[in-house]
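Participant:
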Amino acid sequence: MLYELFGKGINIGGWLSQWNCVPVPPVEEEEMKKHFQEFITEENIKQIAGWGMDHVRLPVDYRVFEKSPSSLEFNREGFYFIDLCADWCQKYGLNLILDLHDMEGNVYGAMESPMPLLTEEGLKKKFCRIWEEITLHFLGRKAPVIMFELLNEVSDGSGYLWNELCRQAVKVIRNIDKDRYILIGSNEQNSAFRLKELQLWEDDKVFYNFHFYDPQAFTHQRAHFSEEMLLYNKEIHYPGEITGFTDFLLSNRKYIPKYARVCMEDRVDKESMRRLLKDAFDFVKYTDRELYCGEFGVITAARPQDAAAWLKDVMELLDEQRIGHAIWNYKELDFGFVNMENETVSNLIIKELFDK
């Protein structure tokens, strides 16, 4: 069921989330309005459909729904562009994942101790209130098929509290809408290694989600936003050797915890990725639940032919297991297929992936 509806998609990050990461971030109110109106338009959604996608994943920041910073008052005007996106998706035959991409009290990568969202009652109530309002807003809408993703890339230092917050949010949604598809991501930034920690639901419309960027020595090579990748500073090809990464970590031990599971990888190819995806494949095999890969991608600093080959192999591996997926990212954010002027970043990648 999930794979048929959400088999091949792409993220449209940078529009209603992470607008601070575009080349010239909007700051003033008029700049924000212009960004929301122009960053993604109907023509972009039409292009995505033309590439053969069956869905888009729409990351949305909680601030879109705030009347003012840290306010509990809900801003229903925040639905305007989400509704526009849903209408465009319906017009061009795409389904939609509404991904709450950030939330007050969410701390990216905070694995040492539970983050405030998981421990403070006020923040948990606000989180559930957002999902209550979203559920009410879309109640009764049949097309496109819209799936709710509770929260992007969670970090739960306890290993337990995320399951409890999910329980509360799912209850809120189910009290209103018994049939809504719901997507729950794994701990440690949607790590495949953490899928086994997720509570399994006796609900055939609750699905599970992970992200895949391994090995980051390839997918994030020379990333300007990554201290360690700038220090490592190696061009890695696909398929190919991961030159000196283990030695780099031994010389820069503070990064070892982040890369502990891949620190001994010295080559990136299809078989090495099959091994790194084993936890995801085992989840499908042993739980008989449907799984989804909400993000995978390669930074534009990599050679286009290498990026295309990696992306094709990941999609083939996921498709073998009937795991639906969405590439990161359609536009900008260092991984984009098109730039701010809506020009294709690499015709080679588009041709290799979509035969266009």
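Okay, so the sequence shown: first residue is 1 according to the UniProt record's numbering, each after it adds one.
Cβ coordinates follow ideal geometry from the N, Cα and C atoms, glycine included.
(1) Please find out if some non-hydrogen atom of the ligand MG comes closer than 7 Å to the beta-carbon of E153.
(2) Would the segment 230-244 count as touching the segment 301-319 if we require 3 or more Cβ pairs under 8 Å?
(3) Which residues mark the beginning and the end of the beta strand (DSSP E) in which G324 is found?
(4) What residue does the beta strand (DSSP E) around R57 start on, and which one ends it?
(5) Quick check: what's the CA-CA separation for R63 versus N106?
(6) Once the 5 residues before and after E295 are set aside, which same chain residues still bring their CB inside 6 Å of it?
(7) Apply the 10 Å Cβ neighbour rule to D102 and answer buried if 16 or more other Cβ atoms are within range, or exposed otherwise.
(8) Please classify F127 as buried or exposed, where buried requires at least 16 other C-beta atoms within 10 Å of its C-beta.
(9) Taking only the alpha-carbon atoms, compute the straight-line gap between D288 and C166 and give it to the nearest angstrom.
(10) For H211, does the three-state DSSP call read helix, strand or coil?
(11) Taking C-beta to C-beta, are R180 and T135 nearer than 8 Å?
(12) What would DSSP say about R174, mapped onto helix, strand or coil?
(13) Report, in whole angstroms, the separation of the C-beta atoms of P144 and N95, which I expect to be a contact under 8 Å.
(14) Where do the N-terminal and C-terminal ends of the beta strand (DSSP E) with C293 fall, by residue?
Facilitator: So, to answer that:
(1) No copy of the ligand MG occurs in the structure displayed, which carries no ligand at all.
(2) yes
(3) The residue given as residue 324 occupies position 324 in the sequence shown. Note, G324: beta strand (DSSP E), 324-327.
(4) Stepping through the sequence shown from its first residue, residue 57 is reached at position 57. Element bounds for R57: 55-61.
(5) Walking along the sequence shown from the start, residue 63 turns up at place 63. Walking along the sequence shown from the start, residue 106 turns up at place 106. Their backbone Cα atoms lie some 13 Å apart in a straight line.
(6) Start at 1 with the first residue of the sequence shown, and residue 295 comes out as number 295. Sequence-distant Cβ neighbours of E295 in its own chain, meaning closer than 6 Å and more than five residues away, are H211, W328.
(7) The residue you call residue 102 lines up with position 102 of the sequence shown. Buried: at least 16 other Cβ atoms inside 10 Å.
(8) Your numbering for residue 127 matches position 127 in the sequence shown. Burial call: buried.
(9) Residue 288 sits at position 288 when you count from the first residue of the sequence shown. Residue 166 sits at position 166 when you count from the first residue of the sequence shown. Cα-Cα distance, rounded: 20 Å.
(10) Here residue 211 is taken as the residue at index 211 of the sequence shown, counted from 1. Looking at H211 - three-state DSSP - the assignment turns out to be strand.
(11) By one-based count along the sequence shown, residue 180 stands at place 180. By one-based count along the sequence shown, residue 135 stands at place 135. Yes, the pair counts as a contact, with Cβ atoms nearer than the cut-off.
(12) Working through the sequence shown from its first residue, we reach residue 174 at position 174. Three-state result, R174: helix.
(13) Residue mapping note: residue 144 aligns to position 144 of the sequence shown, counting from 1. Residue mapping note: residue 95 aligns to position 95 of the sequence shown, counting from 1. Rounded, the Cβ-Cβ distance is 5 Å, consistent with contact.
(14) Taking the first residue of the sequence shown as 1, we reach residue 293 at position 293. Its beta strand (DSSP E) spans residues 291-296.
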